[in-house]
Structures are given as structure tokens and as C-alpha cells.
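Residue numbers (the working numbering), protein chains in the order written: chain B, 1 to 125; chain V, 1001 to 1580; chain G, 2001 to 2376; chain Y, 3001 to 3220.
Notes for the one structure printed next.
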Amino acid sequence: MSSEVGQQHPLSLYFWIWGLLFVVSAGSYFTDFMEAGYLRWTLILTFMLVKAGYIVAIFMHLKWERWALIYALLLPPGALLVLMGLMAWESWDYTWLSRVVYFGEDPYPLRCPDAANPNCVPMAH
Amino acid sequence: MAQAEIPYQEAMPLHHPHSWVTKYWFSQDHKVIAVQYGITAMAVGLIALLASLLMRTQIGFPGAIEWITPDRYYQAVTMHGMIMVIYLLTAFLLGSFGNYLIPLMLGARDMVFPFVNMISYHVYLLSVVILLASFFVPGGPTGAGWTLYPPQAILTGTPGADWGIITMLLSLAVFIVAFTMGGLNYITTILQARTRGMTLMRMPLSVWGIFAATVLGLLAFPALFVSAVMMILDQVIGTSFFMPAIASSFEPSASEYSGGSPLLFQHLFWFFGHPEVYIVALPAFGVVSDLISVHARKNIFGYRMMVWAIVWIGVLSFVVWAHHMYVAGMHPYFGFFFATTTLIIAVPTAIKVYNWTLTLWRANIRFTVPMLFAIAFVITFVVGGLTGLFLGNVIVDVPLSDTYFVVAHFHMVMGVSPILVIFGGIYHWYPKITGRMLNDTVGKLHFWITAVGTYVIYFPMHYLGFVGVPRRYYHNEPLGESAFYPASAELLNQGISIAAFIVGAAQLLFVYNLFVSYWRGRPAGDNPWEACSLEWRTPQTPPIHGNWSDTLPTVHRWAYDYSVPGEKEDFIPQDVPHRA
Amino acid sequence: MAVAIFLLILVVGSVIFTFVSPWWFTDIASNWGGIDTTVLITFWVCGVVFVAVGLFMAYSTWKFRHREGARADYEPENPRLELGLTIVTAIGVVAMLAPGLLVWDDYVNPPADAQEIEVLSQQWRWSFRFPGEDGVLGTVHVKNIRSDNPFGMNPNDPAGEDDVLVAGNRVQLPVNRPYKVLLRSNDVLHDFFVPEFRAKMDAVPGMITYFWFEPTKEGDYEILCAELCGKGHYTMRGFVDIVGQEDFDAWLAAQPTWAQMKAGVTPKAYSALARRGREVAEANGCFACHSLDGSQVVGPTWQGLWGAETALADGSSITVDESYVLESVRAPAAKLVEGFAPVMIAYDAEIISDDDLAALAAFLREDTELAEASTP
Amino acid sequence: MAQAAAAGHATIFEDWGSDVTTFKGVPWGKAMMWIFLLSDTFIFSCFLISYMTVRITAAEPWPNASEVFSLTMFGAPVPLLLIAIMTFDLITSSGTMALAVNYGYRRDKKKAIRFICATAFFGAVFVGMQAFEWTKLISEGVKPWGNEWGAEQFGACFFMITGFHGMHVSAGVIYLLIVAWRLHKGVYDKTNYEIVEIVGLYWHFVDLVWVFIFAFFYLW
Ligand code: HEA
Ligand code: HEA
Ligand code: CUA
Ligand SMILES: [Cu+2]
């Protein structure tokens, strides 16, 4: 039931990835000193994905698994992306909007989507 | 490589029982665990059945029993729905059929991790105990409807809003743990421990249905788990995940909430809930395919399409959830997306229906009791599925949502059809489990009352829905001057209730049959139905612990070689080699 | 044999039932004829499929029943047939879905000239709000809700001053005008459903949802709550009266605006004990079911209750006095008021102490007495 | 078989079409762990999606994480300092785990045990720091049911998600120690020590989740 031989990789590989993870984490950490904005969000996401990718591919050895397993693991979370996308859309464009318009709640005048409002710069944080 | 793994499976260490307790209570044998699951599920199922009869008493004859107050009515509705869906159907189809059939049909000795399997049942039992405990906590069980929508589920206007809902959520969380342990076992066994020659495309459709349903479960139950955790937090320590600011004239303390989103709960619930309905449908689809094929003495028509249909239904079921929320106040544009995906699901499902009926075409149908149930399944499922299309077609759902049309839809498609399959399956495999046949006459009587009766109960309900009668109404009597309800419908409701009483009582026949045949039934022999699949090929009936003799069987063909031209017998078991 | 007959009867019986039974949609009273059409299209597509599948099965089970020596065909698959059936099904789906989506598009996009009105729901009654002269509904928030501001109007929003506030489960609307109905809830989910209008939508606390419709026929239509909202769910009914424009104008003019309501609230001269009683009533949620303004919600109104003759469900009647009130609270089921459901729970001494209950009774007495004193 | 990925996509059909095993060369326990982790991914994702939803819909201001989570060092507030240390701690543990797995492959029992214990140690340190962080926040007034800086869902999501993650870490520490002990006792001597790889998968997954929590909770 088991594989006769385990996977053999040089230790140096692990040290490399380990080091890279430190570097990328440091990168993420320093985004915190940046101004909020698209650049920062993009960097946060990029560092996050790079880190996640290294962990899954190298440390969890997914890279060396057969495609049958790789796809079985990577495709199902697609359902989560649908859920996430729709929830983001609904929360922003509908629920939150109705709270602002009808309940007069708007803590971030900057988020106000009404372009006619002089205080309003859509989407800027 | 592949071959290298078999010897271990053959020599797989099994935990052999030494005492009654380890043999029947803490057994690690998948067959015993299956029976444990089955008995427990049926026992709670009977409670849910009683609850439904209480409800029908109130709806058909309002006020006839004063004990049924609105509180108790809503508690009955909730417990009825929840028990039926989760603790009966899911537990029975996966816990019982899944456990029994997977190793036998795949030629395995047992599940890959029998110990985990054993724990799984006991955790399920624990969840049932917590569930039943909710009947005894202060305030009684929750009456929030099986959908448990907040805010009402945790506000005092609803019965059982404090202890009842907490025990319910806790029980669900525990159930999910049990399901996960069982489910991991099923999937690993199906993917990694089949016998020689058993490719996925040779598996009986029962296993395919159970497999797909288990995958759905492992991916869908997390959403329920998460929402249960968040609702418990909302209720117990006063977080506001699902709770916006509320001005309840009932409960001043509700004013402590603010900013949460009730819609979030509904999305999570249905992200679980829709796959859940297929979790109970897919195993039924699979089992019924096998029943039809065996008793029609004909191969299942379009096996490959059947498999792909199961897979596609499974995949699509993750992107249709919000068809339960068309009028729930979600983003209005979602309607377009979800109506489209929902109706697309009709296509693979339709293929399955066609293939069942086409299997009957030019067959050689033996009207055994399992076959009767299978045929009744197909027709009730068609009715229920087609009414599902009404509801899926977003604008049509607007007048029908939350009326008895929906109640009729889901009882046809879930309350009747999978139940019919469970009955059919029990009649079919009882001889394997006990070595004795169930009594045929009692079985036929049980079938006719149940099949005709349930149709009489649910078909007319659709029309109450057209009239506009809302579901979850304690009674529909005029309040003051209001009378939306035509008097004639009152009569209809009485008729439905009477039919329900009869069908409910007829289930006693079945219970009686189960018991009496265990001792008095006709000995079954090894393969009473002359079926091809592996479970009928064990050296012993009932199979011993470990299922097979020293070597596992080798599979040479699919499970549906019935009436092969040129052969003497009209069935060729899967482990019979092709003639050279 | 029996099976084939069963299937046949089932199919034929279902069809006959559909056409002869008296149960079908109520007569439509709004612009949503499109919904009915779509339902019919769906109905026919599905009906045909049902009859076809049912009859096919009936025939097969009759024709291919087991006979001595008979043998089934061996036919693993037939790709052409399967493809054909898939295509036919897909056509059926499109035939239903396409019109459905068109009508849905209409449903979620109210016309620009639709008049906004608000339906406010709470356990277990309906209230309504009209925008008034300026045509704009003022902002609202549940945190503003007090007994003197039941709608939670934002006190600082000038747009709300002229809003017309209608409590008490009954509303009028003029015929042949489109309305965008904004749905709001104070506590839990509810659903505004008038079967004759076909339209419905949930009211979700913490946000505003909407749908639109145009009444096309005068008459009184019943509002049903179509989303489980607690044990009084089934009692949450109300009325929409569709009337001519003049009738409506007259009716609307008689309803208070927010400004009037604010001005008109002259606190009654309750004694300290009665004020305490009122607090007890508020704290225990009595006003969820009982009103002080004469509107009948879930329970009987408390307006003019004291000393009145109440008709009981068993046919007798009783004069409301201290002991009756005490009993009604401690054991509501003992004497049920005629025409009401037994939904009130028993409040024992742990919930409302004897002293509080006495205060409550004092409040009920003074409320009636003061009202009588002020009306000449 | 380890080089299989390189063998191209055709293997997908071969593997899924073959008998006995679908995931070639994957022991039962490892297959089961992977499937469990997939299910667990759904749990954490649902938590994070819920967090996203309540955060977007919140009409009250969302507290600024880098202020709330700052530590005062040398008199000046340093944002996210503790979190940064926790992150590095967890990455370190992932590294030691990866080494343990590698020594497991080499059947070097001693080293494997040593690195597993190191991993458990870093895990325990992580939990300790988290306990410190929680105490500090609670004393500063962040509660699951409210806080002084704005939307109350901030505290609720924070305690729920980090709590659930912390429970995973704690369970992982126990799991690691049990495996180390049993390795030491020789329970797995007849196998290829794939148990080390299995517990490794779990541990790396816990680290993986932290990557997302760090990005979405503390940085966003
Ligand atoms: C086993 C359970 C099960 C199954 C299989 C289904 C199957 C389907 N369901 Fe059902 N459903 C439930 C259980 C189930 N449902 C439950 C429990 C609820 C209520 C929950 C609650 O609110 O309490 C519900 C509610 C529900 C709703 C929400 C209603 C509302 O609350 O307003 C909707 C809306 O889209 C829906 C749609 C469908 C559809 C389109 C299918 C499809 O999968 C059906 C597909 C089948 C067919 C279509 C029939 C066979 C096909 C043919 C014979 C071919 C011919 C077809 C054409 C020409 C098109 N269901
Ligand atoms: C599997 C699911 C299932 C099953 C089998 C049933 C069976 C029945 N249901 Fe149920 N029902 C639900 C699932 C189910 N229901 C759900 C999910 C709801 C929604 C709850 C909610 O709104 O929150 C609901 C709601 C519901 C309502 C609506 C209440 C309301 O909205 O106010 C009504 C009303 O008539 C009803 C009636 C019945 C009746 C008369 C039966 C039966 O009694 C029919 C006849 C009996 C059988 C077909 C036999 C069943 C067999 C067993 C139960 C096995 C028992 C074990 C052994 C035999 C050993 N049910
Ligand atoms: Cu309000 Cu139901
Ligand atoms: Cu669904």
C-alpha cells in the first residue's frame, strides 16, 4: 500500500524556499508602511499568492505529485471563488449601498458612489 | 506499481472482535457499522414521521388537538424537516448504504481505516443524542424552520430560541464531524482500495452515486459548519455576524446587535443546502439504477452518460445555491445567473431519467418488491423534478416561493423518492445482510399503500401553492375578516391529512416485516436476485468479517452484463472472466 | 400489469385533476400577467414531458413484463438517441428559461415613474410609509425607534417631515399606477406577499429590498407574510385596498405625517404607577401584539379596554377588570378572546412580578380613563 | 513515481482510468489527509468569505488593523510587530517540518524526530504569542461583541478566525508530539515513515492558512 521509496530532494532546495519565504514575508510586512491604494493591495495579494504557492508546491510536494492528484485538489476550490465573487458583488453593490442610501449610514464619505456628491471620490480609500 | 499495492489489501490487518460489545457495539466491521447507522437513522426517522403526523393533524383539523400550540407546531415542522434531511436521509444513504456497499461492491476487505469508521458512527450517535436532548431542554427544540434563518432563530419570538437552537447547532456540528470521518473513509476506499480489475468505469452506479454525494458532502458541510459556529457565537456571546441592529418589541436585549448580515447566513446555508439535496439524491439515483437493471434483467442503458451525469450534477450543484433565495432580497441580478445554472442542471438529470426508462424498454421486468419501489421512484422523481423547474425558472418562483408548491416539490423529490429507494434497497439487500428474504406479501402491501398514498398526499399540494397558501402556517383560518383561503381547500387539506395517517400507519408493516423476517424469513441463498455485482459473490452469506477469502476477487467486466446474447444464463457476475 | 395500470391512472388522473379541480391561481390584479404567461409556458413544457415519460413507462412496464422464456435486449448505449434526447431537453429548457428571464428583467427594473412607498414589517404586523409632498422618503434607522417614533424616522432629515405614516395592517393604493415597494424590517425576515399581485419579496432587517408592481383592479386584497418569522408568522396578515384616485387622496389626507405625529404626541397625564406599568409593557414586548391606537394587530387592542365587554371564544363575555387582566397575563389560555389565536404566552411571576403586573393594570385603567376624559 | 508530474497530462486519464488505485503511489493515509485538507480549505474559506462580507457591508468604520495591532517599542508604536514575529515563527516551523519530512524519506529516524520536535516547539511558541496578543487586545477593549474603534464585526471575526486557526495549531502540536513519540517507540518501523509526510502536510496547511489570515486580516 505504500510507496517503496520516498521522494528525494536535496536539502538545499528546502533551505532556498525557506529563505525565500522569509524574504516574501518581509515584503508583505513592509506593505503595511505603504499608503493604502491599488498598488498596496496588489502587492499584498501577490506576496500572499507567492508564499502560498511555495508552501503548497514545494513544502507539501504537490509539484511532484501526479496530475491526477493535483487537479483533484486544485479544481474544487473554484466553487469558493464563485461564492467569493458573488458575495463581494452583493455586499458592496447592494447591501452596503442600501444601508447608505436608506439608513443614511456612511462612515466613509470617500467610499460614496454618488459622483455628484462633492465629497465623493469613488472607491478611493 | 498498482499490483504492488494489492497484497497489503489482502493481508489488511482487521480488528477481530472478542466479545459481544466489540462485535455489535464497538465493531470495526463496515457491515455492522452500516446496520448501526441504519437502525439509528430509522429510529429517529420514526420520530420525524410522528412529527409530520402531528403537523397534518393540525393542518387538516385545526384545533382538534389543543396540545398542538403554535410553538409546538413550529417545533414539529423544524424537527421534522431537519431530522428527515440530515439524520435520516443523509445518515441512511451514506452511513448505511455507503458503509455496506462500498467495500463489498469494490471487492475490498473493509474501509481503509476501520477504526475511524467506528468512531464515525459513535460520533453520529452522539449528534443524535444531542438532537434528542433538545426536546428536553428548557423551551424545547428550536422552531425556526429547518433552514434556521437568523435573526428569528435566536430571538425570543421563536420557540426554542435559546437552548433549542444551541443544541440544534451543536448537534449539526457534531454530525458534520461524524460525516467527515466517514466520508474521508469512503472516498479513500473508493479511490485507493478497489480490487484488481475494478476501474472507476466498472463500478456499479450505486458506488458512483455514493462517491459523488460524499465528495459533495465534504465540500458543502463546511459552509454549514461555519454558519453554525457563527450563529452559536451570535446567540451565546453576542457577536453580530448575522444580526443587524434590531428593534424588537419582544426582546430588548436584541438592541445589542448591529451591522451584521442575515443574507450572509442564507448564502452559506444554501451553499451547503443545495449540494445537500443532491447528497441525498445522488446515492438514490445510483441505487435505483442498480435496482432497475437487476430486476429488469437488462444492462443499465447509457452507463457512461449516467456516470457523467452524476459528475456534472455534482459540479453544477455548487453554483445553483441561490435559487432558494430568488425572493429573499438578495442582489436582484443574481436571478439571471442562478436561473440559468439551475435549469442547466435539468439536462444531466433528464438524461438519468431517460436512461432509467430506456432500461425498461425491451427489458424482461420482474416485478419484485424492490423493482416496484424503483419504478415508483422514477415517476415521483419526474413529478418532483419538473416542479423543480418551475421553481428554478426565477420569475415563476416569485408567486410560488414559500407556498405549498415548494412543499409539494421537495416532498416529491426528496420526501418520497429517496425514501422509496431506501425501501427498495432494503428489500434488495436484506437477504445479503441477514441471509433471509423479507416477506413478499407484506412488502407489496407496504409498497402499494406507500406509493399511492404519498402521491395522493403531495400531488394536490401543488395546487394549494397555486392558490397562494403559504407554507409554515399554523392554520389558514380567517383571522378577523381575512379569508384568502377558499373553503374548498380546507376539504383538500383534510383529505391529505387522512392519506398521511394511512401512509404513516403503513410503515408499521415495514417495521414488522423487518423484525419478523429476521427469524422467520425464507432463507435467501447466495444470490436471490441473480445479480452481477460483487457484493453477491462473497463466499459466505451474510459475509464474514473481511468479506472475502484469502485472495480478493478479480473483476473482468462491468456490473451490468444481463441478458448478454449467446450466453445461457441471463447474468454474468463481474468476476467471471471473458471467454477466450 | 398492476404497475402499468397504476402508472396510467397516475398520469391520466393527474391531468384530469389539473383541469377539473377548482384550485388554481386567483384572478390576477396587477400588471404581472407576464408571470402567469411564463408559468403557463413552463406548465405546458413540463406537462408534456410528464405525460410522455409516464405513458412511456406505463407502456414499457406492460409490454416488457417478465414472461417465461423471454429475454431482454442487450444494448449498452445508443449515442445518437442520447444526443437527440439531450438536444430536445435543451430546447425545452430554453423555451422555458428565455421568457422567464425576460420577465425577470422587467421585475427587477422598476420603471422610472414608479412611486416609492415603504412597507415596514415587524413581528407580526405591517405598517406603511408614503413619501408625502416632496416625493422623497426620509432616511430611517432602527436605532431611532422609540414608542413615540415607531417608524424610526431620522429626526434630522428634513425629507422625512412630510412622510405619511400608516400603522395598523391596512393600506390603500390607487389603481393603475406603478409602485416601487421598499421593504424594511425592524426585527426578523418577513415577506410581503399578495397572491393576486403575484409579486413578493422578503424584508430583510439591516437593509432595504424592493419589488415593483402596478395594481390593475380595484378591490381588497389580503397581505400574507410568506417568510417564517416566529410563532406568530401565520397571524401576520393585512390588507391592501386598491381604490380610485379620489378615494385614495381622501384616505391619505386623513393619515398623519411625521411632522404631525411629532407635534401631536401630547403625553397623557399618567400617574407614576401607570408610567411604570407602561415601561413594564414595553420591556416585555406587549406592544408587539397589542396597540394603544385601536389598530388590531396580533392581539386585541388596548384602546378603551378597561371596563369594556370582551366577547370570549366560548361564546360568553366578560367585563375587563383587574382580575381579568391579571388572569389574561398569567394564564392567557384560560379565557380566550373571540377571533384571536392563542399565541400569547403565559407570563409568570418570574417574568412579570406581581407588583409590575399591578402597575400594568393601573396603566391599562388610566389609559382608558384618560382617553375617555379627553373626548367630550 | 515521484517524477510523475513531469510525465504530462496524459497520466490523468491513465490514473483515473486504472484499477486498484487512482492516486498512484499515494498511501491511504496520505490520500485521506489530502482530502481532509481540501475539506478544511472549504471551512477556512467560508470563514474568510464571511469576514469579507461583513466587512464590506459594515456601515460603521472598520478599525485600522495596523494601529490596533501595534506594539510600542522604544517609545514609538511599531505596527504589527508581534504579528510579524508570529509569521516568521510559523515559517520557521514550516521549514523545520520540511526537513523532518525529508529525513523521514531518508529513513533517518533520529533527525526526523528531532525536527518534528523543533516544529512542535515553534508551534507552541506561536500559540503562546497568540495568547499574549489576545490578552493584550482584550485588555485594550477589543471584544467579540464590540470595540471602541468601529464595526463590532472586527473583534468578532478576529477572535473567531484566529481562534479557529489557533485551535488547528494547538491540535497540530499535539499531533506532532504523538507522532514523534510513536516514531521513537518504533511503531512505524515497518513502514516508510510516510506518517511524517502526513503530519507534515497538516502542518504546512496550518502555515498556509496563516498566510491568508495575515494578508486579509492584518494587512488589508
Ligand atoms: C432530493 C432533493 C432535491 C432534488 C433532487 C431537487 C431538485 C431540484 N430542485 Fe429542489 N428543493 C429541495 C430538494 C430537492 N430539489 C428542497 C428540500 C427544497 C426546499 C428547501 C426549503 O426551502 O425548505 C427545494 C427547493 C427548490 C427551490 C426553491 C424554491 C423556493 O424556496 O422558492 C428551487 C428553485 O429553483 C428548486 C429547484 C430544483 C430543480 C430545478 C431541481 C432539479 O435538479 C430537478 C431536475 C429534474 C428534472 C427536470 C426531472 C427529470 C427531467 C426530465 C423528465 C426531462 C424533461 C425536462 C425538460 C424538457 C426540461 N428546488
Ligand atoms: C426526507 C424528507 C421528508 C420526508 C420523508 C417527509 C415526510 C412527510 N412530510 Fe415533510 N418536510 C420535509 C421533509 C420530509 N418530509 C422538510 C425538509 C420540510 C420543511 C420543514 C420546514 O419548513 O422547515 C417538511 C415540511 C412538511 C410540511 C409543511 C409544514 C409547513 O410548512 O407548515 C408538511 C405538511 O404537510 C409535511 C408533511 C409530511 C408528511 C405527511 C410526511 C410523511 O409522513 C409522508 C408519508 C410517509 C412516508 C413516505 C414514509 C416515510 C418513511 C420514513 C420517515 C422512514 C421511517 C422509518 C422506518 C419506516 C423504519 N412536511
Ligand atoms: Cu412575518 Cu412571517
Ligand atoms: Cu436547491
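For glycine and all other residues, C-beta sits at the position ideal for the given N, C-alpha and C.
| In terms of DSSP beta bridges, what is V3187 of chain Y paired with? | Note: V3187 of chain Y sits in no beta bridge, so no partner.
| query | Listing by chain order, which chain B residues have their CB less than 8 Å from the CB of L1263 of chain V? | reply | Neighbours of L1263 of chain V on chain B, chain order: E90, T95.
| message | Could you tell me the alpha carbon to alpha carbon distance between A3118 of chain Y and L3177 of chain Y, rounded to whole angstroms? | response | 10 Å
| field | Status (buried if at least 16 other CB within 10 Å, exposed otherwise) for M3303 of chain Y | value | Shown here, chain Y extends from 3001 to 3220; a query on residue 3303 of chain Y therefore has no answer.
| said: Please give me, in chain order, every unbroken run of the alpha helix (DSSP H) with length at least 4 that falls completely inside the segment 3035-3100 of chain Y. | reply: Listed in chain order, they are 3065-3068.
| field | Segment limits, alpha helix (DSSP H) that includes H2190 of chain G | value | No alpha helix (DSSP H) contains H2190 of chain G, which is instead part of the beta strand (DSSP E) from 2190-2193.
| When every heavy atom of ligand 3 is checked, does at least one fall within less than 7 Å of the C-beta of H2233 of chain G? | yes
| Whether A3100 of chain Y touches A3112 of chain Y by CB criterion (8 Å) | yes
| Contact list for V1319 of chain V against chain B, beta-carbon separation under 8 Å | A79, V82
| task | Specify the secondary structure class of V2119 of chain G as computed by DSSP and reduced to three states. | result | In the structure shown, V2119 of chain G sits in a strand (DSSP, three-state: E or B).
| query | Within this structure, are the beta carbons of L1420 of chain V and F1367 of chain V separated by less than 8 Å? | reply | no
| Residues that W67 of chain B contacts on chain Y, provided the C-beta gap is smaller than 7 Å | Per Cβ cutoff of 7 Å: A3005, H3009, T3011, I3012.
| query | Where does P1159 of chain V sit, in a helix, a strand or coil, going by DSSP? | reply | Coil, per DSSP.
| Closer than 8 Å at the beta carbon, the chain Y residues around R1196 of chain V | For R1196 of chain V, the chain Y residues whose Cβ falls inside 8 Å of its Cβ are D3019, V3020, in order along the chain.
| field | Residue from G:P2150, G:T2089, G:Q2115 with nearest C-alpha to G2135 of chain G | value | G:Q2115
| said: Alpha carbons only, please: which of V:P1062, V:W1361, V:F1221 is nearest the one belonging to A2058 of chain G? | reply: Residue V:W1361 is the option with its Cα nearest to A2058 of chain G.
| Residue from Y:F3042, Y:D3189, Y:M3086 whose Cα sits closest to the Cα of R3106 of chain Y | Y:D3189
| chain B contact for I2035 of chain G (CB, 8 Å cutoff) | Not a single C-beta of chain B is nearer than 8 Å to the C-beta of I2035 of chain G.
| field | C-beta contact flag for G1157 of chain V and T1142 of chain V at 8 Å | value | When the beta-carbon positions are compared, G1157 of chain V and T1142 of chain V stay at least 8 Å from each other.
| said: Do S3070 of chain Y and I55 of chain B count as a contact pair if the criterion is CB distance below 8 Å? | reply: no
| query | For the alpha helix (DSSP H) that contains P1114 of chain V, what are its first and last residues? | reply | 1114-1133
| Just reading off the beta strand (DSSP E) that K2200 of chain G is part of, what are its end residues? | 2200-2203
| message | Contact criterion: CB-CB distance below 8 Å. Does R1362 of chain V meet it with respect to chain G? | response | yes
| request: Measuring alpha carbon to alpha carbon, tell me which of G:M2207, G:W2124, G:V2188 ends up nearest A2341 of chain G. | output: G:W2124
| message | I'd like the list of long-range same chain contacts for H1462 of chain V, defined as Cβ closer than 7 Å, with 5 residues on each side in sequence excluded. | response | T1387, F1405, A1408
| Interface residues of chain G around F103 of chain B at Cβ under 7 Å? | T2139, V2140, H2141
| field | Helix, strand or coil at G2168 of chain G according to DSSP, with G and I counted as helix | value | coil
| V2049 of chain G: beta carbon under 7 Å from a heavy atom of ligand 1? | yes
| field | chain Y residues whose Cβ lies nearer than 8 Å to that of A52 of chain B | value | L3208, V3211, F3212
| Using a C-beta cutoff of 8 Å, does Q1003 of chain V count as contacting chain B? | The pLDDT assigned to Q1003 of chain V is 40, lower than 50, so where the model puts this residue is not dependable; a value taken from the coordinates is nonetheless given after this. Chain B contact via Cβ: absent.
| query | Near L3201 of chain Y, what residues of its chain come up, given a Cβ to Cβ distance below 6 Å and the 5 sequence neighbours on each side ignored? | reply | M3033
| said: For R1537 of chain V and G1238 of chain V, I'd like the C-alpha separation in whole angstroms. | reply: 58 Å
| query | Can you name the start and end residues of the beta strand (DSSP E) that K2377 of chain G belongs to? | reply | A query on residue 2377 of chain G cannot be resolved here, the shown segment of chain G reaching from 2001 to 2376 and no further.
| Closest Cβ-Cβ distance between A1531 of chain V and chain G: below 8 Å? | The beta carbon of A1531 of chain V does not come within 8 Å of any beta carbon belonging to chain G, so the residue lies off that interface.
| task | Please state whether DSSP places D2106 of chain G in a helix, a strand or coil. | result | helix
| Boundaries of the alpha helix (DSSP H) in which S2328 of chain G is found, first to last residue | 2322-2330
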